[in-house]
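Structure first, then comments.
Chains as they are written, first to last, in my numbering: chain A, 209 to 540; chain B, 1083 to 1432.
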């Protein structure tokens, strides 16, 4: 469902002063009027920008929560008013982008999970001279649709990393658990993993919105194929369920996963889960806001028009402890 | 939905007055078509999937069936009473979140969270019922509204309380072990591990069936679903029955929610959306009419079982997963059509 961060449209502060970053934490993204006055009063403050992020996230997804935290941190640092909205439906996501254009924001951050649906909206943004940065999915489409930069993980490269990890932990026949049927990025991950894995990797579709369903489907698959010795899940919450399913069906399958959350780090430390391929969502949100800010205030383009890779970062038992504190506060 | 008479048209003398042989009585049961459909689906997957007939596989199928079936009990009773509950799917998540959040945030024994969740979930059901009887709006609209509100609350409150969109893990808290034993453990039967949800499911089906067929309340439910005005005229407490039915759905949501908490220890706040349709589908496959007044809890259980078999049978058969949803839809269509044909035959020859 739509979660449009409806905020009072603030009159843009036309205070163009020396472009020095406002002292860290001096204002908050939600501070509206107050922050504006402070920006005007404090010498050396940058212009207050308004940046909208429109993603294809379903509600209640831990991953997008971390993206937003990154974006908000950068917004607070850069004196940016940050607006967030999302809709998993491509057409509705495009409408949200158009709404952002109507609000005359200074920059738009989008995900391109459904690039065709977003084409028109991005053309409108270009016509309105609003710079667009894409994050997460759509590295290949980003430049063609007019985005100035892309922050994300190349899903195929990340898949290849996961395939190598699966091979490293000694798996010969493994499952690739897809929790959202029809999502191109997830298919790419499995295809990438298949390339480097060397063994037999089968796709398994599960209904990601119902954990008991996920569990019983993985259990059923393990019962049908007793020789399956590896499971690759594509989202952190599904990894823990895969571990349960393997335990219950008496399978020796080792579990690896994409993405992270704080429960997962504990499981990796405990040895229940062997590895996580982290695309660092915090970095995607942070990078996109910072990238737009740099573009607006200094004309910089991070990555020089090429996609900036935020992953894959591999987390295993060896480095889990070092990341625990960050996962605990929900930013890793 | 308040509907006019849902009884099939009867020619000749009232069929309810005539004496009928036990065989005819069996053929007239709402769940017969579903039973035949279940047998067909079972035989089909036994033939095409090697792994399907193993006892361990059967327990997985039962587990999948039970996670739908528990809710289908409450939902089918409500449908017999002529109403829908579209908030049933997210109510499961709400119930689970209440237990996990209260137990964690106040550092309580998890059983306290379980109890608080029971009270609040039943209150939710009562609220649905009260809104319905007081506004006279269709239950479809009322529960659609609560569906959205609950989905929003699940996310909003969880995020506000924990700072993340999932609840914190309650795995290492007092009472988790015993609560897990009650709501999410495995019971060994003849070397096969059967999830405790299967027993909850059977228990609920038995209780609901007994209530429907052997008690006065059961008669009230059929009467309210068939023709509420006529029922009120003969002294059936229509309002109380309706509120009770919504609370019945809430009770089932609580059991399902507790299973979520203790099977997975953390609850994701965005889950559950869309499941309400699966519960309704189970009830419909099982012979509940969308117009109310007709159906059975056993039928809904068989519907859930068909759903579990189809869902997992496709995995056991190792079919190309790209076609998964097509197979699922085709299976449901076949099961429902078998059900329909049988019922029409029975009605014609009765």
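Cβ atoms here follow ideal geometry from the backbone N, Cα and C, with glycine treated the same way.
Predicted, not measured: the structure shown is a model, and the values here were computed from it.
Per the Cβ contact rule, the stretch 1185-1205 of chain B is not in contact with the stretch 1365-1378 of chain B (fewer than 3 Cβ pairs under 8 Å).
Using a Cβ-Cβ cut-off of 8 Å, residue 1342(B) is close to 419 and 420 of chain A, given in chain order.
Taking the C-beta atoms as reference points, residue 525(A) is found no nearer than 8 Å to residue 468(A). Residues of chain A with a Cβ closer than 9 Å to the Cβ of residue 1354(B) are, in chain order, 417 and 418. By the criterion of a C-beta distance shorter than 7 Å, residue 403(A) is surrounded in its chain by 368 and 371, once the five residues flanking it on both sides are discounted. Cβ-Cβ distances below 6 Å link residue 1151(B) to 1283, 1383 and 1386 in the same chain, with the five nearest sequence neighbours on each side left out; the list follows chain order. In the structure shown, the three-state DSSP call for residue 416(A) is coil.
Within chain A, no C-beta atom comes less than 8 Å from the C-beta of residue 1188(B); the nearest is roughly 20 Å away.
Taking the CA atoms as reference points, residue 1161(B) sits about 10 Å from residue 1304(B).
Contact note: residue 412(A) reaches chain B through 1397 and 1403, using a C-beta cutoff of 8 Å and chain order. The C-beta separation of residue 1233(B) from residue 267(A) comes to about 7 Å, placing the pair in contact by the 8 Å criterion. Within the stretch 1108-1154 of chain B, complete beta strand (DSSP E) segments of at least 3 residues are not found at all.
For residue 262(A), the enclosing beta strand (DSSP E) has its first and last residue at 257-263. In this structure, the CA atom of residue 1103(B) is about 58 Å from the CA atom of residue 1247(B). Proximity of chain A to residue 1145(B) at the Cβ level (cut-off 9 Å) is accounted for by 420, 423, 424 and 427, in chain order. DSSP, reduced to helix, strand and coil, places residue 383(A) within a strand of the structure shown. Between the stretch 1260-1267 of chain B and the stretch 1337-1344 of chain B there are three or more inter-stretch CB-CB distances shorter than 8 Å, so the stretches are counted as touching. Counting only runs of 4+ residues, the alpha helix (DSSP H) found wholly inside the stretch 354-378 of chain A occupies 363-376, in chain order. Beyond the five residues adjoining it in sequence on each side, residue 315(A) comes within less than 6 Å, by CB distance, of 259, 339 and 500 in the same chain, given in chain order. For residue 534(A), the CB contacts under 8 Å within the same chain, skipping 5 residues up- and downstream, are 540 in chain order. Buried is the label assigned to residue 482(A), since at least 16 other Cβ atoms lie within 10 Å of its Cβ.
In this structure, 470(A) is the residue among 470(A), 511(A), 519(A) and 523(A) with its C-alpha nearest to the C-alpha of residue 536(A). Two segments are said to touch when three or more pairs of C-beta atoms, one from each, lie closer than 8 Å; by this definition the stretch 1121-1139 of chain B does not touch the stretch 1342-1356 of chain B. Per DSSP, the beta-bridge partners of residue 292(A) are 261(A). At least one CB of chain A lies nearer than 8 Å to the CB of residue 1400(B). Put simply, the backbone Cα of residue 1397(B) is about 8 Å away from that of residue 432(A).
Put simply, the backbone Cα of residue 1251(B) is about 44 Å away from that of residue 1115(B). Beta-bridge pairing by DSSP links residue 342(A) to 318(A) and 358(A). Residue-level contact by beta carbon fails for residue 489(A) and chain B, as no gap is shorter than 8 Å. Within its own chain, the residues whose Cβ lies closer than 6 Å to the Cβ of residue 1353(B), once the five positions on either side in sequence are excluded, are 1175, listed in chain order. Going by DSSP, residue 1388(B) is part of the alpha helix (DSSP H) stretching over 1379-1398. Between residue 303(A) and residue 415(A), the alpha-carbon positions lie close to 27 Å from each other. For residue 1307(B), same chain residues with a beta-carbon under 6 Å away, outside a window of 5 residues either side, are 1162, 1163, 1164, 1374 and 1375 in chain order.
For residue 364(A) and residue 1192(B), the gap between their C-alpha atoms comes out near 43 Å.
Sixteen is the threshold: when 16 or more other Cβ atoms of the shown chains lie within 10 Å of the Cβ of residue 285(A), as they do, the residue is buried.
Beyond the five residues adjoining it in sequence on each side, residue 1139(B) comes within less than 8 Å, by CB distance, of 1133, 1394 and 1398 in the same chain, given in chain order.
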